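I have placed the structure first, in the form of structure tokens, so that the comments after it can refer back to it.
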Amino acid sequence: MSKHIDWRPYIAGALLGVLATLSVFASTRLLGRPQYLGASTTFVRAAGYLEKTVAPGHVQANPYFAEEKVKVDWQFMLVVGVFLGALIASLADRSYKLESVPPIWREHFGNHIGIRALGAVLGGVVAMFGARMADGCPSGHGLSGLMQLSVSGFLALAMFFGTGILVANLIYRRQRP
Amino acid sequence: MNEQWLGLITGILFGALLQQGRVLRFEKQVGAMLLKDMTIIKFMLSAILVGMIGIQLLVSLGEIELKIKATDLGAVIAGGLLFGVGWAIAGYCPGTSVGAVGEGRWHAIWAVLGMLLGAALFAEAYPLIEKNLLAWGALGKITLPGVLHVNPWIVIPILAVVYIVVFIWFERKDL
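Residue numbers (my numbering), protein chains in the order written: chain A, 1 to 177; chain B, 1 to 175.
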């Protein structure tokens, strides 16, 4: 074993396990139904709100928006909270840092904001399309799925990392031109 | 307390833990996919290790119910494969993209915008794939102990040992 173990991810992770458990307990008691951590359904609802401003009839007629319901629910506020929590915690320990292009990306594709934006938008589109197909992301399928020993969680997480590892190695392992 | 307030408070704590675990960073996300830095796996498996015990305890005590996602093979396999491709390019999953913007890494806003667009596109595609691809191989809401016909308390210690062995292996390899 190496001289120094960084306990940070283990401690923060274990505390998240406690939070996830308490959250299911609190939501069952206070709201009458269990709420498990998740994030990707919120993007459907947020997209529904945005789309409603230009084409309200179209959103109303769409069966997927009807099924997932365009509303500000528990998970929507959870995702808003993730933003606030990360902001507060990073300001508190002074790890907040404005960054326009991620360092690893810069090494391979340069410091152009436009190229990073294009890559991230494309990646985001594909990732969310996949997450909605699979009915969950690394939070809903990964964390909540594996905590509940759900077969779908194990299968989804294996798929996520399977192609993630493959594609990341194709993109970032190549040498700089 | 209403639903929205409970969600917000839980979310603030969730975001703070993601940030303190340092898993909101692009280099940590991509680092795991490059098999160079296993921070996000350590974080996730630690949460899962504690959460699976806590949640099962509450279930055994009759306090809560599980909320299992269906194992629809077509949907989970095709969607999971696609998600991995996008995750590697974007460098963020949905939860961490929003958290990364909170931490000042404002370039993650592009991933958030892409994800909103992806969700809107999926809503358009849904009627076309709902009855075929997404419905293929529908095995229902199944769990590992259910499939193996054993008590969850048999599965949990075994998984706990597996996760801890993974941690020890990561630390030995300095990952």
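Note that CB positions come from ideal geometry on N, CA and C, so glycine has one too.
Given the structure is predicted, the values throughout are model-derived calculations rather than measurements.
Handout entry: Those residues which DSSP pairs with Ser150 of chain A across a bridge
Key = B:Thr143
Handout entry: Backbone CA spacing between Asp6 of chain A and Leu144 of chain B [nearest angstrom]
Key = 32 Å
Practice task
Since I believe His107 of chain B is in contact with Ser95 of chain A (beta carbons under 8 Å), could you give me their beta-carbon distance rounded to a whole number of angstroms?
Solution key: Not quite, the Cβ-Cβ distance comes to about 16 Å (not below 8 Å), so this is no contact.
Exercise for the section: Look at the alpha carbon of Gln19 of chain B and the alpha carbon of Ile40 of chain B, and state the distance between them as a whole number of angstroms. Expected result: 11 Å
Problem - chain A residues whose Cβ lies nearer than 9 Å to that of Pro189 of chain B - result: Because chain B is modelled from 1 through 175, residue 189 of chain B falls outside the range shown and cannot be assessed.
Problem - Buried or exposed (CB count within 10 angstroms, at least 16 for buried), Gly110 of chain A - result: exposed
Problem - Burial state of Arg173 of chain A (16 or more Cβ within 10 Å) - result: exposed
Handout entry: Cα-Cα separation, Met1 of chain A to Asp174 of chain B
Key = With a pLDDT of 49 at Met1 of chain A, under the threshold of 50, the modelled position of that residue is not reliable, and the figure given next carries that caveat. Roughly 8 Å separates the two Cα atoms.
Exercise for the section: Report yes if the CB atom of Ala12 of chain A is closer than 8 Å to the CB atom of Gly118 of chain B, and no otherwise. Expected result: no
Handout entry: 8 Å Cβ cutoff, Ala134 of chain A in contact with chain B
Key = yes
Exercise for the section: Could you give the DSSP three-state label for Ala39 of chain A: helix, strand or coil? Expected result: coil
Practice task
Identify which residue in B:Val161, B:Val76 and B:Val150 has its Cα closest to the Cα of Gly162 of chain A.
Solution key: B:Val76
Practice task
Kindly list the residues whose CB is nearer than 8 Å to the CB of Val166 of chain B, restricted to its own chain and excluding five residues on each side of it in sequence; keep chain order.
Solution key: Ile41 and Leu45
Exercise for the section: Using three-state DSSP, classify Ala138 of chain B as helix, strand or coil. Expected result: strand
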